[in-house]
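Under my numbering, the sequence shown has 852 at position 33, and the numbering climbs by one with no breaks.
Backbone N, C-alpha and C fix where the C-beta goes; we use that ideal spot for every residue, glycine too.
For clarity, every value in this text was computed on a predicted model and none was experimentally measured.
The block underneath contains the structure these notes are about, expressed in structure tokens.
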Amino acid sequence: MTAATPRIRLGFFPRLRFVSLFVPSFFALTFPVLGLTIEGVLVPKASETYFAPTASIRIRGWWMERMHAKATFLVEEGTKVEAGTLLARFETDFDQLRDYVVREHSRAEAERDLILERIRQDQADHGLLLARKRLRAEQLAWDLRKRDLVAEKDFAIMEMEAKIADFEVEAERRVLELLQRHYRNAEEYHRINVVLAGSYLTYLDTITASFEHHATKAGLVTYPLLAHRRRKIAVGQWIMGGWAYLKLATSTEVLVEAHLPEHLYPRLTQGQEVLVGVARQGGRFRAKITEINGFPVELGTLEDDFSTPYATEKVFLVRAEPLESAPYAPGSEVEVELPDPSPRGEK
């Protein structure tokens, strides 16, 4: 009869499983850890998370909201990058709206130039007409001096023509003033239209600039698994806005993260030393529990296909800091040995 020892498997989701101590395994042969263990992972001590962009735009009755973005460029996972390096580039169909705004901006400029040119031409035409009418009025006024040389009836006609000429001159002068005022108003109106179209273009450029993500610090690029797609993000993939798609490890030091099932909560206390084994790399090191989340969270368990529900369990997030050199890369799977049961608070 063999004694079965329960062990908590915590890869992407925790799962309780039983492994016989008398059955040889790679982990047992390489690095035997006695007692109950929980599986965890090494995480960088400092890291930054990058999220897929999302945006909504309102422009002159246009309203667009895009919750998905297409990855057109990604740095390869495991690449060490410097601050300022382009990490990812996304695109949406905002480009169609930008093309529309560019056309509107060009149309506003062309319309402004055309209308102002027409008004200038009208001003020139009416200015010439005003000069002609003034000349005619002056000629008629000069003819009125010949009163003694013409008949009284003809002089009355000449006097009437002179008054009409003066009236036409005044009317043409007012038309020219109106054209000048119209020119100033049209110039201001179309100037505002051009400025608005340019501001919309700047606005769009500002938004689309957020679709390029640059590293704020030097670090190592890693991509988390998108469980709903059963794989990591790839170039050409559409990703939901707000999803964490990239992590940048900005520190070479690592921490141990694991999920402690609720019924095993009394087995660990903050400040306690534990033994951590890196099974696949054949190493072990001591670590000190630095944090135990005081509030349990419920995690759903999936089968290995990442789609079939398995179970749910309440767990506590546990973090531990290595007490000795741990030259292992972030993402390495580890096993944390739980000390023997003791009343909580005792060491």
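Proximity of residue i and residue j at Cβ, strictly below 9 Å
i, j, result
"H887", "T911", "yes"
"V1040", "G897", "yes"
"E1072", "A902", "no"
"G1090", "E1156", "no"
"E987", "K952", "yes"
"K1107", "T1069", "no"
"A1005", "L935", "yes"
"A1034", "L906", "yes"
"G1113", "F1135", "yes"
"A1207", "R955", "An answer regarding residue 1207 cannot be provided, because it is not within the stretch 820 to 1166 covered by the chain."
"Y1002", "I938", "yes"
"P1158", "R1050", "no"
"I1058", "L1045", "yes"
"K1133", "P1115", "yes"
Local Cβ density within 10 Å of residue i, reported as buried at 16 or more and exposed below that
i, result
"P1080", "buried"
"H1032", "buried"
"E1117", "exposed"
"Y1008", "exposed"
"L1052", "With the sequence shown as reference, residue 1052 is identified as Ile, and Leu is not the correct amino acid for it. That one is buried."
"P1141", "buried"
"A1098", "buried"
"L963", "exposed"
"K1166", "For K1166, the predicted model reports a pLDDT of 47, less than 50, meaning its position is unreliable; a value from the coordinates is still stated below. That one is exposed."
"F841", "Annotation note: pLDDT 34 at F841 (below 50); position unreliable, no value reported."
Integer-rounded CB distance, given that residue j should sit under 8 Å from residue i
i, j, result
"L1074", "A1139", "7 Å"
"V860", "E1152", "6 Å"
"R917", "L1023", "5 Å"
"Y1064", "A929", "Their Cβ separation, rounded to whole angstroms, is 42 Å, which puts Y1064 and A929 out of contact at 8 Å."
"R931", "V1013", "6 Å"
"F1104", "E1143", "5 Å"
"A890", "V1054", "5 Å"
"T1131", "G1119", "5 Å"
"G1038", "V900", "7 Å"
Sheet register partners of residue i (DSSP bridge)
i, result
"I938", "The partner list for I938 (beta bridge, DSSP) is empty, contrary to what the question assumes."
"P1141", "A1106"
"I976", "Answer by DSSP bridge pairing: none, since I976 is not bridged."
"T1041", "K1066"
"Y869", "L1065"
"W1057", "K889"
"H1033", "L905"
"K1133", "E1117"
"T856", "E1156"
"K899", "L1039"
"E1076", "V860, R1138"
"I1111", "V1137"
"G1096", "R1103, E1154"
"R763", "Within the shown structure, residues of the chain are numbered from 820 to 1166, placing residue 763 beyond reach of any answer."
"P910", "Here residue 910 is Glu; the residue named in the question, Pro, does not match the sequence. The partner list for E910 (beta bridge, DSSP) reads K889."
Closest residue to residue i among the options (Cα-Cα distance)
i, options, result
"A1016", "A927, A1098, L1044", "A927"
"T856", "L1083, R1099, E1117, G1060", "L1083"
"L998", "K1036, F974, Q940", "Q940"
"L1067", "L893, E858, V1116, I1111", "L893"
"A960", "M977, L947, L948", "M977"
"Q1100", "E1154, E996, Y1008", "E1154"
"E858", "F1135, E957, H1078, I983", "H1078"
"I1111", "A956, V1137, Y1002, G1102", "V1137"
"Y919", "L1087, T1109, D962, Y1019", "Y1019"
"R1010", "L963, E867, T904, S925", "S925"
"E867", "Y1042, L963, K965, K972", "Y1042"
"L992", "T1109, A950, K982", "Checking the displayed sequence, the identity of residue 992 turns out to be Arg instead of Leu. Out of T1109, A950, K982, A950 has the C-alpha closest to the C-alpha of R992."
"Q958", "K982, T873, E996, E971", "K982"
"V921", "T1109, F1030, T1021, Q1056", "T1021"
9 Å Cβ cutoff, residue i in contact with chain B
i, result
"T1071", "The structure shown contains no chain B; it holds only a single protein chain."
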